[in-house]
Each structure stands twice: as C-alpha cells, then as structure tokens.
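Chemist: All residue numbers for the sequence shown refer to the numbering used here, where the first residue is 350 and numbers rise by one.
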Amino acid sequence: MESCFTHPSKMIYPPDEVYTPPMSPDREISRSKVKSAPIEGPGKGPNDRMDISSESSYQSGPDTYLLQLRDVDFPLRIRQYLRVGASRSPSLAASLRERHWGGFDINERGTRNVYPQVVVRERRKFVDVMDEEIDDEKKGLGTRTLPLRLQREVGSLGYAHHQMEHLKHEAWKDKTSREKSIGMAPFFREKIEDCVIQENDEVVFRCLAVGNPTPQYSWFRNDSILIESSRVQITQDPDGRSELRLKPGKAYDVGLFKCAARNSHGVALCHARLKIGGAAQKIQLSREHKHQEEIFEGEYELETRVPLDYGQETSPVQLESGQLNDLYTFSSELAVGRFGAVVSGTSKKLSSGLALKVVLINTDPETSAHREYEVLKSLRHERVICLKTASVHDDVVVLGLEKLCGMDVLTFLSMRHTYNEDMVSRIIKQVLDGLEYLHFRSICYIELQPDNVVLTDAHSCNIKLVDFGSANFVPRTGKILPLDTSACLEYLAPEVLKGHEVCHATDVWGVGVLTYILLSGHSPFLGVNEEDTKTNILYVRYHFDKLYKEASTEATRFLMQLFKRTPEKRPAISECLENKWMLPSEFMLRKRENSVFLSHKLQEFAANFHLKKKNASTAERLSKLIGLQLSRYQARLLNALSRCAWRQILLAFSS
350 MESCFTHPSK MIYPPDEVYT PPMSPDREIS RSKVKSAPIE GPGKGPNDRM
400 DISSESSYQS GPDTYLLQLR DVDFPLRIRQ YLRVGASRSP SLAASLRERH
450 WGGFDINERG TRNVYPQVVV RERRKFVDVM DEEIDDEKKG LGTRTLPLRL
500 QREVGSLGYA HHQMEHLKHE AWKDKTSREK SIGMAPFFRE KIEDCVIQEN
550 DEVVFRCLAV GNPTPQYSWF RNDSILIESS RVQITQDPDG RSELRLKPGK
600 AYDVGLFKCA ARNSHGVALC HARLKIGGAA QKIQLSREHK HQEEIFEGEY
650 ELETRVPLDY GQETSPVQLE SGQLNDLYTF SSELAVGRFG AVVSGTSKKL
700 SSGLALKVVL INTDPETSAH REYEVLKSLR HERVICLKTA SVHDDVVVLG
750 LEKLCGMDVL TFLSMRHTYN EDMVSRIIKQ VLDGLEYLHF RSICYIELQP
800 DNVVLTDAHS CNIKLVDFGS ANFVPRTGKI LPLDTSACLE YLAPEVLKGH
850 EVCHATDVWG VGVLTYILLS GHSPFLGVNE EDTKTNILYV RYHFDKLYKE
900 ASTEATRFLM QLFKRTPEKR PAISECLENK WMLPSEFMLR KRENSVFLSH
950 KLQEFAANFH LKKKNASTAE RLSKLIGLQL SRYQARLLNA LSRCAWRQIL
1000 LAFSS
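1) Evaluate K706 with the Cβ neighbour count: other Cβ atoms within 10 Å of its Cβ, from every protein chain shown; 16 or more gives buried, anything less gives exposed.
2) Considering just the uninterrupted stretch of the beta strand (DSSP E) at F554, what are its terminal residues?
3) How many angstroms separate the CA atom of Q824 from the CA atom of Y794?
4) Within its chain, find whatever has a CB closer than 6 Å to the CB of Q565; leave out the 5 residues flanking it on each side and keep chain order.
5) Along the chain, which unbroken stretches of the alpha helix (DSSP H) at least 4 residues long are found entirely within the segment 751-830?
6) Under the rule that 16 or more other beta-carbon atoms within 10 Å means buried, what is L830, buried or exposed?
7) Taking the Cβ atom as the reference point for each residue, do S901 and T767 lie within a distance shorter than 8 Å?
8) Can you tell which of S436, K961, K698 and E721 has the C-alpha that lies nearest to the C-alpha of L1005?
9) For E839, which of T882, A820, S819 and V877 has the nearest alpha-carbon?
10) Is there a Cβ from chain C that is less than 8 Å from the Cβ of R472?
11) Which whole runs of the alpha helix (DSSP H) in the segment 922-961 are 4 residues long or more, in chain order?
12) At the level of alpha carbons, what is the spacing between A617 and L736?
13) Could you tell me which residues DSSP pairs with H730 in its beta bridges?
14) Can you have a look at V1009 and say buried or exposed, based on whether 16 or more other CB atoms are within 10 angstroms of its CB?
15) Counting beta carbon pairs with one atom in the segment 728-748 and one in the segment 660-676, are three or more of them shorter than 8 Å?
16) Could you tell me the boundaries of the beta strand (DSSP E) in which K474 lies?
17) Report the residue from R570, S680 and L762 whose alpha carbon sits nearest the alpha carbon of Q952.
18) Using only CA atoms, which one of S809, V877, Q500 and G598 lies nearest to V545?
19) Based on the DSSP secondary-structure assignment, which residues constitute the bridge partners of N549?
20) Going by C-alpha distance, which of A807, P562, I541 and T563 is nearest V553?
21) In the DSSP assignment, what residue or residues form a beta bridge with R622?
22) Which same chain residues, not among the five before or five after V815, have their C-beta less than 7 Å away from its C-beta?
23) Within 10 angstroms of its Cβ, does F936 collect 16 or more other Cβ (buried), or is it exposed?
24) Under 8 Å, do V476 and L418 count as touching if we go by C-beta distance?
25) Measuring only the C-alpha atoms, how far is R458 from S872?
26) Is it true that the CB of V889 sits closer than 8 Å to the CB of P812?
27) Whose C-beta lies closer than 7 Å to the C-beta of D412 among residues of the same chain, with five residues either side of it excluded?
28) Please go through the same chain and pick out, in chain order, the residues whose beta-carbon is closer than 8 Å to the beta-carbon of N821, but skip the five residues on each side of it.
29) Report the rounded CA-to-CA distance for F453 versus L441, giving the unit in angstroms.
30) Quick one: what's N566 bridged to in DSSP?
31) Can you tell me whether T905 is helix, strand or coil according to DSSP?
32) Please list, in chain order, all residues of the same chain as F344 whose beta carbon is under 7 Å from its beta carbon, the five residues on each side excluded.
33) Using the Cβ count rule (16 or more neighbours within 10 Å means buried), how would you classify E682?
34) Taking DSSP as the reference, what is the three-state secondary structure of L974?
35) Less than 8 Å between the CB atoms is what I'm expecting for K726 and V780, so what's the real figure, rounded?
36) Could you compute how far the alpha carbon of G818 sits from the alpha carbon of C810?
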C-alpha cells in the first residue's frame, strides 16, 4: 500500500511488482461502411433515467438490524488503509484523533503508530442472514459438525416452567394418582367466541373450564377486570360454564374480552372480540330482475353453538360386527388415501348420513385402523371430528364419522384469487385448539398434513381435525414410537426421525409446517430426495425467502419459535395461542388483514399435493388383482373394502 504514494500511477500493486502502463495506441479515424439503422421508438434524452443496480445487501426498515458484514475482512482492510494514510497525511491523522471511529483516545496509545479502529456494520434483515448461513451449511462451508445456531438454541419464555412441570410428571408416572394427589391445571373445553351485535343488543360470552381443584373465572375487557353490576352479569351454571352478559351492549364496550380460569396449579386464558355491526341494506333491483328475487330470496342462516355432550368420553362408541349391507348404505365417494377411502353413506342403526371411513387391516391387532378407533371412540371437542359408529369385519374397519363438507384448507384458500394472513391465523388458532384438547387427553397427532384440516362447511373458516391414523397415546413425559414407513417425511419432527421420545411438542412442529405452507405455498423442509428432506429436518434448514413478501414480521417470528430442534425449547400450545401474531388485538387484526397474498403458489402446491395422494392410493392395483374393469368410482371404493364385501357392494350400486 505504500506504493500508492510513490508509484506514478498512484495505484496499489503487489510487492516486488514493477508495473508501467503501456503507451496509449494511436487514434484511428475511419468512416464506417455500414449504414446505420433508423432509430425506431423514442430515444433517450439527456434527462432520461438509467437503471443502475447495486450489489449491496444493505436494507432499511423497522424489521432490520445492524449486523456484522458477511465480508468480515473488510473492516480490517479499511483500518490498514487508514493506518497507511495517517502515516503519510498529517491532516488525516488529525481527523482520526478528533473523530475516534470506534476506538479509544489516541493520546492513551502512546507513541505507537496505531489509530482508532473502524467498525463497519450493515443493516440487514435477520432472516436473510439466517438463509445465507443455511446456504453455507449446504455448500459445506461450515466448520462445525453441529451448527452454532442449533447448539445455542433459545427456548421459549416458559421453558423453565415446562422443565419444572416435566420433573413433576416424571415423579408421578401414574397420571390418575398424580391428578388425584397433586391436581391439574385449568383447561378450557369451550372458549369464548367473537360476537357481533347492534348497539343496545344483549351480549353473551360463554366458556367452560375444567381442572382440579375447580378453577375460578375472571373476566376482562381490554385488560381491565369486569365487576358485576346491574348491566354486567356474571353467572355460572351447574355444569361449570361461566357466562358473561352485558344488558345492553354499548358502543364503548367494543374491544378485546378475556376470560381467565385459575386454580393453584396454573391459569388458562381465552380471548374474543366484541364488534358493533348493522343490518345490510336491501338491494335495489330493477323491474326486469324483480322476479329473480322471488325465486332465490332466502334468509340468513344464523350460526348457533349447540352445547357438546361430553358423555361420549365416559361412554365411548362400541365396536360392532356384522355384514356391511346390514349396517350401512353406501352412496358416493368423498376421498381416497393410501390404505382406505371415505365414502358418503348412511348408518341404518342411527338413520343418519355419515362419512364412512373404510380402512383395510391386517392380522396385527395394533394396526393403525384399530389404533385410530381407540383414539377416536371417546373424543368430544368442537375442533375434532366426532365418531358416531364403528364396526369391524374380516379385512376392513368402518368408522362412521360426522359428515363435513370434505374441503381441506388448501382447497379452501386456493379457490380464492387472494387470501390474507388473518384467515391463516384463524385456521391455525383452531388447529391449536384441537391439538390442545388432544394433549389434554394424552394424545399426540404426530403427522399433521394439510388435508387433515377440513372445513365444516364451504362458506366459513371453521375447521376440524380428521384422519387420526398417525395419532397415538403419549403421556406428558414422552414415549418412544416406531417410525411409520408409510409416513410422509416432510411433515415429521426431528425427534420422530431420530427415534427419540415423542411428546406434545412434536405437534407444535407440525403446526409450524402447516403455517409455513399456508404463508408461502411451499413445503419448508422438502428436498430433492428423501435423504435430503431428512437432513433438512434434522438440521432445521428452511428458508424465509420463500415466504410471501407481504407476510408480517410477527408471522416470521412465530415460525422461528416453532422450528426448534430441541422439543423442550418449543413453546407449549398455550404459549402459541398467546403469541402476538395470534392475538385478536385491533393492531394485529388490521395488520393481518392488510397482508394479502395471491393464491397462485398455493394452487400449485395443492395440485401437486393432491396428485401425490392420488398416486399413493392402491385402487388401481387392487382392481387389477381381481381382474375386473372397474369405473374410477368403483375402483376407489373397492380399495377400502374387504374382499368378502366386494360382491355385496357392487350389487347394491347396480340396483
């Protein structure tokens, strides 16, 4: 660098290299024989802008941080330049003494030729830096066997509390004796829901919490506790449901309502919003279209919340036996899977329409079909599909489930041209409510796929969890389960792939995968092959750049908290529900509604996802085995029925 002060060109060259620029060539002036082409279109004037690209990764905005440069040697080179410059230029040395760029007072350094250090940082998005780190790991540029980001994984805020609870459950392996001797923290079986009223209408919020000892309820509006008065009434029925009534509801009551259930072992929370609305004005129709109003005129269908009967938990559905045509009447198919099909039909005993899930079984008593029955037979929750009847036959198990619209969340969102982040948040909240109930019943879902989340009807965003083929009974302390060879790797948590204990935090990972898919239209850990997918999951390698650019920062941070390699460091379901991204506050509600996504990516993902499901089914294989030319409908139905029932079903449909 000293050569820049001595060399005539004032340039920096490597040591011991003498370089003299060659003579400039003589100017050649000659006319071109090629005729210039006529100028078409508007030319660039002196004031026209030029598109200049910058390779800098510098970013700005509220979601950015001052971070170290990717080129870590750049500040060192700057310091060397300044050291040489200060030794040659007294004015530069004086300037360094005055400014002290990142260093100490130069007078305290003695007579050494050392000058203040230069610290150079770059404002970047933290998620971009994480993506670069993961790319370096894949290229083999990392120097550690286990990346530092995984060695120093940060747990959730309730990490220490969860560790203490885990120790308590370890001390009390027997759940029954623990609940009897120690007790149980509150759990909301029913939560309050959003309410829309006109001013001066009555407002009603209801919820039901259970626990040991019996929890006490407290009601809040905008974090201010509500005191009973002539207008504010708080009651509790014999079943334990707490009810808040505002007689009448006023415009100033609008806001966020919260109910807290407490006992000596903990607290449970649920939230809902109160909104003021009005009746829509009647549409003015022309005389030509007036007759259509008489044909299609109808009334609004109001949603009513029917109290659930929890008697099924103590009196589960019994497994019946008999001939298929004596128990059910089949009408049409709804869906098809790897080992079974869902058929629309009727139970002759109940005289009601059901979704009949027909699953092939083998001689193993612990097959997934029997396990799914054992899981479903006593479940009762508004976010979990209800089992109405069940029967076992020679090679098939039939589960009679309540009938839903059959549309999964991928189809529901991809049918729209656009959807917003608030719709995704509402879907994930309901999924968390369903999983929270399963964990309350010591059940883990384990493999949460998008088609396992089904809409109750095609016009609302209310969902239920279906297909419990991968679910299993898992205590709070965890349980080692064998890896299902037919499972889809991209939806499994790291501990499942490693053969470690499966716990309730395993389902939290699945929620993160589903959230990522709905916010990006991509599977977070899907690789070029199964081995690459497994490596991505074990080392938590996913990219934020695939998320929609309109996704909020809160959604990104929510994903970062869920994707933890260590299960104990993932947030509990209750913490997920209290996450800022999930809260129904006015600020977050507006922010989520303003984050609007185009659905073309999700449409492509949904098409590929459903195509994989179709190719994984065994309908075509079974139709070839029996040597019959079957229609698409009959082939899929026979895939789910035992060999002994094929003739009976075909005769039923032919008649």
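Every residue gets a Cβ at the ideal spot worked out from N, C-alpha and C, and that includes glycine.
The model shown is predicted, which means the values in this text are computed figures rather than measured ones.
Modeler: Quick answer:
1) Buried is the call here.
2) Here the beta strand (DSSP E) through F554 covers V552 to N561.
3) Here residue 824 turns out to be Pro, not Gln, going by the sequence shown. Rounded to the nearest angstrom, the two C-alpha atoms are 13 Å apart.
4) Excluding positions up to five away in sequence, the list reads R611.
5) Listed in chain order, they are 758-763 and 770-789.
6) Under the 10 Å beta carbon count, L830 is surrounded by 16 or more other beta carbons and is classified as buried.
7) Cβ atoms of S901 and T767: not closer than 8 Å.
8) Only positions 350 to 1004 of the chain appear in the structure, and residue 1005 is not among them; the question remains open.
9) Residue T882 is the option with its Cα nearest to E839.
10) Absent here is chain C; the protein component of the structure consists of one chain.
11) The alpha helix (DSSP H) runs lying completely inside the segment 922-961 and spanning 4 residues or more are 922-926 and 935-943, given in chain order.
12) For A617 and L736, the distance between alpha carbons rounds to 28 Å.
13) For H730, the beta-bridge partners assigned by DSSP are V733.
14) Lying outside 350 to 1004, the shown extent of the chain, residue 1009 is not represented and no answer is given.
15) By the Cβ test, the segment 660-676 is in contact with the segment 728-748, since at least three Cβ pairs between them sit closer than 8 Å.
16) Annotation for K474: the continuous beta strand (DSSP E) segment containing it runs R470 to K474.
17) The shortest C-alpha separation from Q952 is found at L762.
18) When only C-alpha atoms are compared, the closest one is G598.
19) Beta-bridge analysis with DSSP links N549 to no other residue.
20) The shortest C-alpha to C-alpha distance from V553 to any of A807, P562, I541 and T563 is the one to I541.
21) According to DSSP, R622 shares a beta bridge with L605.
22) I734, N801 and V803, listed in sequence order.
23) Here F936 is exposed. Its C-beta has fewer than 16 other C-beta atoms within 10 Å.
24) Not a contact, by the Cβ cut-off of 8 Å.
25) Low confidence applies to R458: its pLDDT is 48, below 50, so where it sits in the model is not reliable, and the reading given next is rough at best. Rounded to the nearest angstrom, the two C-alpha atoms are 56 Å apart.
26) Residue 812 is actually Ile in this sequence, not Pro. No.
27) The residues are K474 and T902.
28) Counting only Cβ-Cβ distances below 8 Å, and skipping sequence neighbours, we find R720, V724, I792, C793, I795, K828, L830 and V851.
29) Caution is warranted here: a pLDDT of 47 is assigned to F453, below 50, making its placement in the model unreliable, and the coordinate value is therefore given only provisionally. So the two alpha carbons sit approximately 17 Å from each other.
30) The question names Asn, but residue 566 in the sequence shown is Tyr. According to DSSP, Y566 bridges with A610.
31) Correct three-state label for T905: helix.
32) There is simply no residue 344 to check, as the chain begins at 350 and stops at 1004 in what is shown.
33) The residue in question, E682, is buried, as its Cβ has 16 or more Cβ neighbours within 10 Å.
34) Note that L974 scores 29 on pLDDT, short of 50, meaning its location in the model is unreliable; the coordinates nonetheless yield the value given after this. When DSSP states are grouped into helix, strand and coil, L974 belongs to the helix group.
35) Not confirmed; about 22 Å, so no contact.
36) Going from the Cα of G818 to the Cα of C810 covers about 24 Å.
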